[in-house]
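Residue numbers (this note's numbering), protein chains in the order written: chain A, 6 to 192; chain B, 27 to 248. I have placed the structure first, in the form of structure tokens, so that the comments after it can refer back to it.
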């Protein structure tokens, strides 16, 4: 009797290899850019989708500080290229600071505990946007000699408002995105 | 500018921005803006400029106007509005005259920026039209299902959640294929060659000398 060999096919889910972070980040930054271009503003204030998107990317990928700095600088360059700000170059400093803060917060063990773990995207989105926003307006104030009252009563409230909008956006998008990305870091 | 090396164009853009920060004379800033506009029209990108310039002018006018109640003189307020427009139009000029692959090649081989980050920048810009048409398709699908955009800006902003989520989730799915194709094409290889012509020629060195001269003049004029 002829021996029948059973062939076993093993299927492995594609995970994308070493450069998935490049793919995810570039796609997220592209989404951030188009939303920045098309989303409406309320009394001149619109959420900075690019910050939400790089925060989301950092939250999912959990990069090191050097890699996060690179992501921040690229986000800054994209902001400069599409900016309608008074001093576009301030974006380099602000997005670098925002991305570094986000990367530090993502790996903070304090944010791994209980309820804080659930609202980590919200906290990361809020703090990163505030750090990025304050850096941006302060650099703009210093370089462009913006009057102090404009800085205090015109620019800082915008930073706070955008921070609030961004943290909600980051929190809403994180869990579905994380589930799809298939990272086991957070269940 | 189309015939200049990409890195030379980038340096030119940065230098224009430095002059803009240093100069506070509205007439000089207006002259710089006029030169930029002429160069963009000469590059055949006038249509692209028209739309952007309208939005920029509104933001600049708003920024100039909010300074006036705080003891800022009219010329200074106009100058700060103009600075913003000049700096942004310099970038429009850069992208109107420099091809993205050439800029990537210049950033990697001449400015020594790691390829991953130069690729991040150019690929994010490259995906913008794709996502723009995707967002248009999602909005059309919503309209077909009877969705009418509210006039209330807050409600309109909230409605963007329905647009963002499918785009983000689709991007994650797409990233798997993209990452694999990057790896298969040797993305991480150490030896990288570019087909783009990015080397500096005589005219590029001439422009650099001219830029240095103008920068010295701007500093002295200040």
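From the three backbone atoms N, C-alpha and C, an ideal C-beta is built for every residue, glycine too.
Interface partners of residue i on chain A, CB under 8 Å
i: residue 186 of chain B; result: 40, 44
i: residue 70 of chain B; result: Going along chain A, no residue has its Cβ under 8 Å from residue 70 of chain B, so there is no contact; the nearest lies around 20 Å.
i: residue 104 of chain B; result: Per Cβ cutoff of 8 Å: no residues; residue 104 of chain B is ~13 Å from chain A at best.
Under 7 Å by beta carbon: chain A residues contacting residue i
i: residue 198 of chain B; result: 29, 182, 185, 186
i: residue 149 of chain B; result: 31
Extent of the continuous alpha helix (DSSP H) run through residue i
i: residue 168 of chain B; result: 141-170
i: residue 224 of chain B; result: Element bounds for residue 224 of chain B: n/a, residue is neither H nor E.
i: residue 171 of chain A; result: 161-186
i: residue 200 of chain B; result: 187-210
i: residue 215 of chain B; result: From DSSP, residue 215 of chain B is part of no alpha helix (DSSP H); its letter is neither H nor E.
i: residue 127 of chain B; result: 126-135
Which listed residue (the options) has its alpha carbon closest to that of residue i
i: residue 172 of chain A; options: A/25, A/57, A/43; result: A/57
i: residue 198 of chain B; options: A/181, A/170, A/186, A/176; result: A/186
i: residue 177 of chain B; options: B/83, B/185, B/171; result: B/185
i: residue 160 of chain A; options: A/170, A/138, A/150; result: A/138
i: residue 161 of chain B; options: B/172, B/193, B/153; result: B/193
i: residue 182 of chain B; options: A/80, A/40, A/154; result: A/40
i: residue 178 of chain A; options: A/28, A/63, A/25; result: A/63
i: residue 152 of chain B; options: B/127, B/80, B/112; result: B/127
i: residue 60 of chain B; options: B/99, B/113, B/96, B/135; result: B/113
i: residue 34 of chain A; options: A/67, A/84, A/168, A/68; result: A/84
i: residue 30 of chain B; options: B/191, B/120, B/167; result: B/120
i: residue 190 of chain B; options: B/157, B/170, B/228, B/145; result: B/157
Residue i: contacting residues in chain B (beta-carbon distance under 8 Å)
i: residue 25 of chain A; result: 201, 202, 205
i: residue 33 of chain A; result: 194, 197
i: residue 152 of chain A; result: 93, 96, 97, 98
Neighbouring residues, chain B, relative to residue i (Cβ below 7 Å)
i: residue 94 of chain A; result: 43
i: residue 148 of chain A; result: 47
i: residue 82 of chain A; result: 147
i: residue 155 of chain A; result: 92, 93, 96
i: residue 88 of chain A; result: 114
Per-residue burial, residue i [other beta carbons within 10 Å of its own, 16 or more giving buried]
i: residue 239 of chain B; result: exposed
i: residue 13 of chain A; result: exposed
i: residue 192 of chain A; result: Confidence in residue 192 of chain A is poor, its pLDDT being 35 and thus under 50, which makes the residue's placement too unreliable to answer from.
i: residue 230 of chain B; result: buried
i: residue 105 of chain B; result: buried
i: residue 111 of chain A; result: buried
i: residue 202 of chain B; result: buried
i: residue 77 of chain A; result: buried
i: residue 224 of chain B; result: buried
i: residue 175 of chain A; result: buried
i: residue 93 of chain B; result: buried
i: residue 189 of chain A; result: Model confidence at residue 189 of chain A stands at a pLDDT of 39, short of 50, so the residue's coordinates are unreliable; what they give is reported in the following sentence. When all chains shown are included, residue 189 of chain A counts as exposed.
i: residue 58 of chain B; result: buried
i: residue 142 of chain B; result: buried
i: residue 236 of chain B; result: exposed
i: residue 217 of chain B; result: exposed
Any non-hydrogen atom of the ligand COA within 7 Å of residue i CB
i: residue 195 of chain B; result: This structure does not include the ligand COA; it has no bound ligands of any sort.
Interface partners of residue i on chain A, CB under 9 Å
i: residue 135 of chain B; result: Going along chain A, no residue has its Cβ under 9 Å from residue 135 of chain B, so there is no contact; the nearest lies around 18 Å.
Of all the alpha helix (DSSP H) runs that stay within the bounds of the stretch 44-119 of chain A, which reach a length of 4 or more residues? 54-66, 70-86, 95-111
May I have a chain-ordered list of the alpha helix (DSSP H) segments no shorter than 4 residues that lie completely inside the stretch 43-87 of chain B? 52-68
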